[in-house]
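Quick notes on the structure that follows.
Residue numbers (our numbering): 2 to 263.
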């Protein structure tokens, strides 16, 4: 008996059923590699990040994830080179699929029990995803933006349901926006962790901080960025109001001149 199509297991109907000491004999997932491309690239090398995001609550099989990984790796390697990107699969298949195998030969009714003892045997693994969950992420250079979007579009054909392609505001795989990353790096507040960066907090002994001890506590993560954004928004609002008032005054003046001519 062959493998059932993925449409039989698309929807999240029951509780998660994972591999454990009670659920043995689970086959290995088809996807074994979750990072492809230049995985050891420094965080400063790839500032752009493109996400493929799920737009449905559904189940995605390990075969779908492996097919999507292969198509993205193939396209990005041919377009950007094997060292021009880093792709990471963000969804992991942990949910175990079961099947109650039925005989289809002559006299099968004499050999099997039908719907009695219908709890099936494990046949595969799938990932349970929710709406707005990121399925895969590609970090690359800014000039490869169109290629990363096209790679995510092609990967969407390998996955059931609807997906959305999002351009991240963050720098690469970090949690900081591009403005925050540049500011905090100039201040020395970031710790380079390879593919991402973490925040150096203003806590701990002064001896451990070393040269960074001169940094003030008011430089907490989003304070300066939020202040600058608020000031910029206020300035833009004031400029818009001023322009509207000038336009209204000019319109009134034009009406008065037209009335005077009559």
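No residue lacks a Cβ here, since even glycine has one placed at the ideal position from N, Cα and C.
In this text the structure is predicted, and so the values were computed from the model without any measurement.
- Between the stretch 122-142 and the stretch 18-33, the count of C-beta pairs closer than 8 Å reaches three or more; the two stretches touch.
- DSSP lists 36 and 138 as the beta-bridge partner residues of residue 89.
- With contacts defined by Cβ atoms closer than 8 Å, residue 139 and residue 73 form a contacting pair.
- Residue 61 is a Cβ neighbour of residue 92, given a cutoff of 8 Å.
- The Cβ-Cβ distance between residue 134 and residue 53 does not fall below 8 Å.
- Annotation for residue 56: 132, 133, 162, 163, 164 and 165 place their beta carbon closer than 8 Å to its own, counting only its chain and skipping 5 residues before and after.
- In the DSSP assignment, residue 199 is bridged to 192.
- The shortest C-alpha to C-alpha distance from residue 36 to any of 76, 25, 180 and 137 is the one to 137.
- In the DSSP assignment, residue 100 falls within the unbroken beta strand (DSSP E) covering 96-100.
- Residue environment: residue 256 is assigned as exposed (fewer than 16 neighbouring CB atoms within 10 Å of its CB, all protein chains considered).
- By the neighbour-count criterion, in which 16 or more other beta carbons inside 10 Å mark a residue as buried, residue 148 falls on the buried side.
- In the three-state reduction of the DSSP assignment, residue 52 falls in the strand class, which pools E and B.
- Distance from the CA of residue 196 to the CA of residue 180, rounded to the nearest whole angstrom, comes to 18 Å.
- Straight across, the Cα-Cα distance linking residue 51 with residue 152 is about 10 Å.
- With a contact defined as Cβ atoms closer than 8 Å, residue 159 and residue 65 qualify at about 6 Å.
- Under DSSP, residue 60 forms a beta bridge with 129.
- Membership of residue 148 in the alpha helix (DSSP H) is indicated by the continuous run 146-157.
- At least 8 Å separates the beta-carbon of residue 141 from that of residue 82.
- Non-local C-beta neighbours of residue 150 in its own chain, meaning closer than 7 Å and more than five positions away in sequence, comprise 51 and 166, ordered along the chain.
- In chain order, 5, 121, 122 and 124 place their CB closer than 7 Å to the CB of residue 100, counting only its own chain and leaving out the 5 sequence neighbours on each side.
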